[in-house]
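So my numbering is basically just the index in the sequence shown, starting at one, shifted up by 13. Written out below as structure tokens is the structure these notes cover.
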Amino acid sequence: MSSEIRLIAVDMDGTLLDADHVTVPPRNIAALRAASERGAALAIASGRTWSLIADAVEQLGLMDYAIVGNGAAVRDVKNHRGIYENSIPWGQAAEIIRLLHRERLPFEVYCSGQNYVERGDLELVRPHCLSPEFTRLFEEKTIFPDSLEAELTGRAVEKFNIFHVPADRLSPVLEAASATGPVAVANSFAQNLEIAAGGANKGTALKALAAHLGLGAEQVMAFGDAGNDLEMLSWAGWSFAMANGTGEAKSAARYEAPANTDAGVGQMVERYVLDC
């Protein structure tokens with residue numbers, strides 16, 4: 014490699030994936046594989062949980078690590094073990110489930126690498142899926158229990174993904190969620206809301222992964238586009254906001270990459286890692 018970059022962390026939606034939120038562009042695949050062959054470790058850094066990441070990893074054909082649930086956990090993909098975790102304890106998670114049901118909001122729960130939607134809530138969720146292609150993936154990978162509380166009782170939760178919160182209800186929902194205990198809130202799309210454990214974010218998780226690998230920020234390359242990427246983009250020495258990203262993401266990053274629909278990740282890996 015022409016630079017000191019030893020770890021590449023890549024967000025998925027609006028970053029690694031094309032406009033359908035499912036397909037990894039061939040240029041991204043080729044560039045990341047070439048970087049791996051030159052010794053760079055690769056990490057997905059997503060708001061999603063593992064069940065909704067695995068398809069993209071299969072397309073890439075390789076992946077070393079996965080940061081899931083906005084930094085709720087870091088997974089060693091090759092060795093099938095956890096490296097870091099910051100989850101919502103069950104008592105607090107149960108309160109948030111009841112809150113979201115009272116509010117009749119469309120949401121899913123991430124727990125131990127799997128995503129869950131209560132069966133009776135599917136019709137609330139389906140209109141907010143990102144694309145027809147993603148809808149098919151989502152419905153194939155999701156577990157639909159009759160009761161979330163019965164299914165998950167006693168288990169810590171990685172994250173709540175609320176697909177849509179009307180603007181006039183956002184503040185009261187945030188206030189009620191915060192009243193359950195420490196939470197970290199973020200968003201990756203307009204009007205969605207993501208609730209994780211207090212202190213959980215991609216930046217903290219990426220820093221923990223880098224420490225595990227004995228790397229400093231100056232050896233880490235990161236790509237993102239939205240509010241749940243800000244801490245990661247601020248911390249990594251080689252951080253890129255996508256051209257399609259938010260103004261906040263562009264302010265947090267050191268550089269700008271072409272849009273996700275132009276395989277911006279692949280283009281920047283070619284330039285800064287492969288010296289193409």
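Beta carbons: idealized from backbone N, C-alpha and C, even for Gly. Values in this document were obtained by computation on a predicted structure and should not be read as measured data.
Residue 121 places its beta carbon 9 angstroms or farther from that of residue 202.
Between residue 61 and the set 253, 49, 27, the nearest pair of CA atoms involves 27.
In this structure residue 166 is exposed. Its beta-carbon is surrounded by fewer than 16 other beta-carbon atoms within 10 angstroms. When rounded, the separation of the alpha-carbon atoms in residue 140 and residue 149 is 13 angstroms. Under the three-state reduction of DSSP, residue 147 is assigned to helix.
The beta carbon of residue 217 is closer than 8 angstroms to those of 84, 99, 244 in its chain, skipping five residues each way along the sequence. In the three-state reduction of the DSSP assignment, residue 273 falls in the helix class, which pools H, G and I.
If the five residues before and after residue 228 are omitted, its C-beta is found closer than 8 angstroms to the C-beta atoms of 19, 20, all from its own chain and listed in chain order.
Counting only runs of 4+ residues, the alpha helix (DSSP H) found wholly inside the segment 227-281 occupies 243-248, 260-265, in chain order.
CA-to-CA, the gap between residue 70 and residue 63 works out to about 10 angstroms. Setting aside the 5 residues that flank it on each side, residue 131 is surrounded in the same chain by 161, each with a C-beta closer than 6 angstroms to its C-beta; the list follows chain order. Residue pairing of residue 154 in beta bridges, as defined by DSSP: absent, with no partner found. A check of alpha carbon separations from residue 114 across 128, 126, 124, 138 identifies 138 as the nearest. Assigned with DSSP and collapsed to three states, residue 95 falls in strand. Apart from the 5 residues on each side of it in sequence, residue 246 sits with its Cβ closer than 7 angstroms to the Cβ of 235, 237, 252, 254, 262, 265, 266 in its chain, given in chain order. In the DSSP annotation of this structure, the continuous segment of the beta strand (DSSP E) that includes residue 88 starts and ends at 86-89.
Residue 127 has 124 as its beta-bridge partners, per DSSP. Beta-carbon to beta-carbon, residue 97 and residue 87 are separated by about 4 angstroms, close enough to satisfy the 8 angstroms threshold.
Put simply, of 46, 272, 250, 109 the residue whose alpha carbon is nearest the alpha carbon of residue 208 is 109. Minimum Cα-Cα distance from residue 94 among the listed residues 74, 116, 126 corresponds to 126. Only residues of its own chain outside the window of five on either side were considered, and among them 60, 83, 199, 200, 201, 207, 215 have a CB closer than 7 angstroms to the CB of residue 241, listed in chain order. Counting along the chain, residue 161 sits inside the alpha helix (DSSP H) bounded by residues 161-165. Assignment of beta-bridge partners to residue 57 by DSSP yields 23, 79. Within the segment 195-223, the complete beta strand (DSSP E) segments of 3 residues or longer fall at 196-199, 206-210, listed in chain order. In the three-state reduction of the DSSP assignment, residue 18 falls in the coil class, being assigned neither a helical nor a strand state. Apart from sequence neighbours up to five positions away, the residues of its chain that approach residue 24 with a beta-carbon distance below 7 angstroms are 58, 59, 236, 237, 238, 242, ordered along the chain.
For the pair residue 157 and residue 129, the CB atoms are nearer than the 9 angstroms cut-off. Just measuring C-alpha positions, the residue of 288, 134, 193, 194 sitting nearest residue 175 is 134.
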